[in-house]
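Order-wise, the sequence lines are chains A and B. The opening residue of the first sequence carries number 6 in the numbering used here; numbering runs sequentially from there. The opening residue of the second sequence carries number 88 in the numbering used here; numbering runs sequentially from there. We put the beta carbon where it would ideally sit given N, CA and C, even for glycine. Remember, it's a predicted structure, so these values are computed and weren't measured experimentally. A quick write-up on the structure given underneath.
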Amino acid sequence: MLTIADKTFTSRLFVGTGKFSSSDIMRQALEASECEMVTVALRRVELDDPGDDIMQAIGGGKFFFLPNTAGARDAVEAVRLARLARAAGGGNWLKLEVTPDPRTLLPDPVETLKAAEELVQDGFVVLPYINADPVLALRLQEVGAAAVMPLGAPIGTNRGLLTRPLLEIIIEQMEVPVVVDAGIGTPSQAAAAMEMGADAVLVNTAIAVAGDPVAMAAAFGQAVIAGRRAYKAGLGAIACRAAASSPQTGLEFLR
Amino acid sequence: MKIIVNGEERFLETEILVTDYVKSLDLDPETVVVEVDGRIITRQDYQSTLLLDGAEVELIRFIGGGQDADDCR
């Protein structure tokens with residue numbers, strides 16, 4: 006079981022709800038992934054074309070909603086989005102994202118720390134999206150972040166665990182859970198993050214843009230379970246030279 | 088009277104309760120958050136808050152989102 010703040014989760018796969026071609030495909034994919042935590046964003050209602058209401062598509066208590074502050078460029082905007090999310094019925098959990106440059110969508114560490122501190126004091130359960138920076142991760146833990154969400158690669162790039170050595174340090178040092186977020190493009194990469202000891206992973210693009218998002222969601226669900234099992238089982242040591250797995254005795258008849 | 092809703096001018100016959108205005112747009116008051124003149128209106132206050140002439144209103148709600156990126160391929 007994964008525990009973050011006062012909640013426990015059976016599934017260690019979080020799924021983002023952006024970029025799906027329809028609400029129906031999204032709902033089926035979320036169900037196939039067997040995830041419990043889903044991220045959602047806040048935007049102005051388009052008055053002339055309100056479209057589907059995501060709460061009608063996947064509301065009703067089946068999934069735990071983690072509102073994000075995607076779109077915020079600084080701490081002030083992030084705090085405003087957070088308060089709107091809470092007022093919108095999104096509860097007090099928050100994926101804090103502060104991304105000033107739309108070309109890279111890399112998180113601003115200074116503004117993220119500032120916003121995290123303010124939001125924790127305001128009663129939010131804050132899960133900040135960060136670069137894979139071990140020092141920043143500790144600073145966020147100190148100000149009361151409930152988990153940290155370091156990136157494997159820039160958002161939406163499907164490039165995998167480019168930050169692996171730094172993720173290893175973060176996982177080794179943190180007391181709060183570590184959720185590897187962003188950049189995971191394949192189920193094998195999700196499994197690799199879990200084998201390293203990540204507490205969970207968040208996947209959106211790789212599922213939403215797959216040829217068959219529902220089948221891909223199921224594949225990610227299985228990969229996360231497999232990776233976690235492998236981590237718990239204890240991986241064998243890496244060696245430089247061969248170590249025979251078949252007995253080296255009893256071969257006299259060949260010689 | 089005129090109000091500004093999500094940056095657009097809208098004309099109304101008369102002052103209207105937040106809850107009635109949201110419903111008039113075919114939106115569910117349970118899933119929309121309303122800001123009037125920069126102040127968040129809590130759901131309990133939808134039934135008692137009137138939109139007055141000149142009000143600046145933001146109607147916001149959850150959409151699908153996790154990560155945003157342009158496809159670089």
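According to DSSP, A/V185 shares a beta bridge with A/V206.
Nearest C-alpha to A/R32 among A/L52, A/F68, A/L124 and A/F14: A/F68. Judged by DSSP secondary structure, A/L143 falls within the alpha helix (DSSP H) whose first and last residues are P139 to E147.
Leaving aside the five residues that flank A/V214 on each side, the residues in its chain whose CB is nearer than 8 Å to its CB run, in chain order, K24.
B/F149 is bridged by DSSP to A/L47.
When C-alpha distances from A/V181 are compared across A/R17, A/R49, A/F70 and A/L143, the shortest belongs to A/L143.
Excluding its 5 nearest sequence neighbours in each direction, A/G95 has C-beta neighbours in its own chain below 7 Å: F70 and P72, listed in chain order. By the CB criterion at 8 Å, A/V185 and A/A196 fall outside the cutoff. The stretch 159 to 171 of chain A and the stretch 235 to 242 of chain A do not touch, with fewer than 3 CB-CB distances between them shorter than 8 Å. B/V121: member of the beta strand (DSSP E) spanning V119 to V123, first to last residue. In the structure shown, A/M154 falls within a strand segment according to DSSP collapsed to helix, strand and coil.
Legend: CB atoms of the stretch 13 to 27 of chain A lying less than 9 Å from CB atoms of chain B belong to residues F19, V20, G21, T22, G23, K24 and F25. Residue pairing by DSSP places A/N73 opposite A/K100 in a beta bridge. Listed along chain A is no residue with a C-beta nearer than 8 Å to that of B/G141; the closest approach is about 18 Å. Residue contact with chain B for A/M154: absent (no Cβ-Cβ distance below 8 Å to any residue of chain B).
Non-local beta-carbon contacts of A/G128 in its own chain, meaning distances under 7 Å to residues more than five positions away in sequence, involve N97 in chain order. Judged by DSSP in its simplified three-state form, A/G232 adopts helix. In terms of CA proximity to A/Q194, A/Q227 leads the group A/V219, A/Q227, A/A220 and A/P218.
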